[in-house]
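Residues in the sequence shown are numbered consecutively from 3, following this note's numbering. Even glycine gets a Cβ: it sits at the ideal position worked out from N, Cα and C. Remember, it's a predicted structure, so these values are computed and weren't measured experimentally. Notes follow once the structure below has been shown.
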Amino acid sequence: MALNVFMSPDDIRTLFSDAMSRMYQQEVPQYSTLMKLVAEVNHETLDADAQLAQQLAANNEQTRLSVERHGAIRVGSAAELNMLRRIFAIMGMAPVSYYDLSSAGVPVHSTAFRPVNETSLQQNPFRIFTSLLRLELIADDDLRAQAADILAKRDIFTSKARLLVSQAEAVGGLSAGQARQFVSEILETFRWHRHATVSLASYQALRQAHPLIADVVCFAGPHINHLTPRTLDIDAAQQKMPAMGIAPKAVIEGPPRRQCPILLRQTSFTALDEPVMFTDAQAGTHSARFGEIEQRGMALTPKGRALYDDLLNRARQAPAAENNTEHQHQLAEVFAQFPDDEHSLRVQQLGYFRYQLTDAGRQQVELHNPQLHNIVMSQDLEPLIQQGWVCATPITYEDFLPVSAAGIFQSNLGSSHYEAYGENANQTAFEQALGCAVLGEFSLYAKQQQDSITQLIDILSGEDT
Ligand code: OOG
Ligand code: NI
Numbered sequence: 003m004a005l006n007v008f009m010s011p012d013d014i015r016t017l018f019s020d021a022m023s024r025m026y027q028q029e030v031p032q033y034s035t036l037m038k039l040v041a042e043v044n045h046e047t048l049d050a051d052a053q054l055a056q057q058l059a060a061n062n063e064q065t066r067l068s069v070e071r072h073g074a075i076r077v078g079s080a081a082e083l084n085m086l087r088r089i090f091a092i093m094g095m096a097p098v099s100y101y102d103l104s105s106a107g108v109p110v111h112s113t114a115f116r117p118v119n120e121t122s123l124q125q126n127p128f129r130i131f132t133s134l135l136r137l138e139l140i141a142d143d144d145l146r147a148q149a150a151d152i153l154a155k156r157d158i159f160t161s162k163a164r165l166l167v168s169q170a171e172a173v174g175g176l177s178a179g180q181a182r183q184f185v186s187e188i189l190e191t192f193r194w195h196r197h198a199t200v201s202l203a204s205y206q207a208l209r210q211a212h213p214l215i216a217d218v219v220c221f222a223g224p225h226i227n228h229l230t231p232r233t234l235d236i237d238a239a240q241q242k243m244p245a246m247g248i249a250p251k252a253v254i255e256g257p258p259r260r261q262c263p264i265l266l267r268q269t270s271f272t273a274l275d276e277p278v279m280f281t282d283a284q285a286g287t288h289s290a291r292f293g294e295i296e297q298r299g300m301a302l303t304p305k306g307r308a309l310y311d312d313l314l315n316r317a318r319q320a321p322a323a324e325n326n327t328e329h330q331h332q333l334a335e336v337f338a339q340f341p342d343d344e345h346s347l348r349v350q351q352l353g354y355f356r357y358q359l360t361d362a363g364r365q366q367v368e369l370h371n372p373q374l375h376n377i378v379m380s381q382d383l384e385p386l387i388q389q390g391w392v393c394a395t396p397i398t399y400e401d402f403l404p405v406s407a408a409g410i411f412q413s414n415l416g417s418s419h420y421e422a423y424g425e426n427a428n429q430t431a432f433e434q435a436l437g438c439a440v441l442g443e444f445s446l447y448a449k450q451q452q453d454s455i456t457q458l459i460d461i462l463s464g465e466d467t
């Protein structure tokens, strides 16, 4: 089959992201409300903030904003995770980063499947935070064996989905028709099931061990548990949620509000209590599915991230705040030590930037300004930025934060408190289940930054014609 008859992985991902969004809007109407609210806030924010609008334009991010979202699923076995990796690969989504949630009392470890190259991210950055249940953390032997047994018996993929994955792998892609069929087949895996696959008593026993275990083990598949649109002003969105009938969680996770947003800020509404039928015809409820919104800022270098982690730890040592206003106030005080202007963030190498020639810079190249040559030789871009010949735009953070993710998980586990499982990270076991190593987020951002510099230097040295 000739290459050009395949639908591009980016286009398949967009079909999938749209289909998931439509399905979740039908399943969880509050998600539609959130989408409307976010669209409204984004519109108002862009109208009021010309600089932000310009930054999005410089990063080619205006188009992706309206389709941008992430989702989350939880699977029960190595085989399930492995198959998901193959499915997501067809949509141009690769596993990035390893997240250990066990230290926060959640018996899973995770990765995020997402596009990694710049054009794919610009088109549609759809990400799926994917967690694998760690049965070895269930203390009770019988319960652990029972859970393993239930999981071993289920197949969360349709046979057509399996067939299309093998075909795509064999020939290197899917035709448009196959791609549409593929998306509709894999949608089945993420659908909500009102009927549990176990009796009420089994459900209760697993739930007693940990609600998350029950969520993963007792259903026919890994229902999508939230979809998250990206807002440009999470404080405004959080404030507007109650008026639209949605009660947000107590605090916004992540860094405080800043002039130069960093990493990721998130808020959510708590999981719905939904009716479930058990195999012994008993009725009950289960809560798994919720809504979330996020605001994305600049990706940080390892040095910037270390500072973030350090300040966040310090802020978390203070007694928990009563409400979000107070929490944000406490955070802001501690984070006063994190530089908040682009120049400092750049020269102290705390964040990643994309370097591009400005129109004024292009003119200088055309005029063969000899100053350019000297600057290129010195490998120092700052003078060019000062002259206005080069602009540096923050690179958007595309990943997740383990402490925030733990906060989101926990806000959905009800009022009970769950003890940490101790230092239990096991990236090797996770990667073995996955079938490959996860990519490191820092090297991806460093490459984006370096690619922009290489391109720029080529133009400045007249090597790009
Ligand atoms: C995933 C929670 C993590 C995020 O945005 O940090 C997450 C889950 O509850 O399965 O989605
Ligand atoms: Ni999320």
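With a cutoff of 7 Å, F131 counts as near the ligand NI, since its C-beta is closer than that to a heavy atom of the ligand. Taking each of E82, P304, A431, S112 in turn and checking the Cα distance to F192, the smallest one comes out for E82. The distance from the Cβ of Q297 to that of R232 is about 7 Å, consistent with a contact at the 8 Å cut-off.
Between L446 and R87, the alpha-carbon positions lie close to 19 Å from each other. Note on Q64: under 16 other CB atoms within 10 angstroms of its CB, so exposed under the neighbour-count rule.
Contact between V440 and T113 holds: CB atoms are separated by about 5 Å, below the 8 Å threshold. If you draw a straight line from the Cα of K38 to the Cα of L17, it is about 20 Å long. Between the ligand OOG and the CB of A216, the shortest heavy atom gap is not smaller than 7 Å.
In the structure shown, the three-state DSSP call for V40 is helix. Closer than 7 Å to some heavy atom of the ligand OOG: that describes the Cβ of T230.
The Cβ neighbour count for G179, taken over all protein chains shown within 10 Å, is under 16; the residue is labelled exposed.
Restricting attention to A106, E335, M85, the CA atom closest to the CA of A427 is found in A106. Contact annotation: the region 192-212 does not touch the region 35-52, with fewer than three C-beta pairs closer than 8 Å.
Judged by DSSP in its simplified three-state form, Y26 adopts helix. Counting only residues of its own chain and dropping the five nearest sequence neighbours on each side, Q169 has a CB closer than 8 Å to the CB of L176, Q180. Scanning L383, F184, D12, Q412 for the CA closest to the CA of R129 turns up D12. Residues of the same chain with a CB within less than 7 Å of the CB of T360, apart from the 5 flanking positions on each side, are G390, W391, V392, C393 in chain order.
Across the set F8, D20, R267, the C-alpha of D20 shows the shortest separation from the C-alpha of P127. Classified as buried, M243 has 16 or more neighbouring CB atoms from the shown chains inside 10 Å of its CB. Bridge pairing for H197: M279 [DSSP]. Residue burial annotation: D382 is exposed, with fewer than 16 other C-beta atoms found within 10 angstroms of its C-beta. Excluding its 5 nearest sequence neighbours in each direction, A149 has C-beta neighbours in its own chain below 7 Å: L137, I140, L208, I215, V219, listed in chain order.
Apart from the 5 residues on each side of it in sequence, S413 sits with its Cβ closer than 7 Å to the Cβ of K251, S270, T272 in its chain, given in chain order. Its chain contains A439, V440 as the residues whose beta carbon lies nearer than 7 Å to that of E433, once the 5 sequence neighbours on both sides are disregarded; these appear in chain order. When the Cα atoms are used, M25 and R196 turn out to be separated by approximately 15 Å.
If you ignore the 5 residues before and after S201, its C-beta comes within less than 6 Å of the C-beta of F280, T281, D282, all in its own chain and listed in chain order. Two segments are said to touch when three or more pairs of C-beta atoms, one from each, lie closer than 8 Å; by this definition the region 41-53 does not touch the region 149-159. With a cutoff of 8 Å on beta-carbon distance, P404 and L134 are scored as not near each other. Here V253 really is in contact with H329; their C-beta atoms are around 4 Å apart, less than 8 Å. Taking 8 Å as the upper bound for CB-CB distance, L352 and G299 are not in contact here, some 12 Å apart. The beta carbons of R348 and I397 sit no closer together than 8 Å. Within the region 86-150, the runs of beta strand (DSSP E) that reach at least 3 residues and sit entirely inside it are, in chain order, 96-102, 110-116, 129-135.
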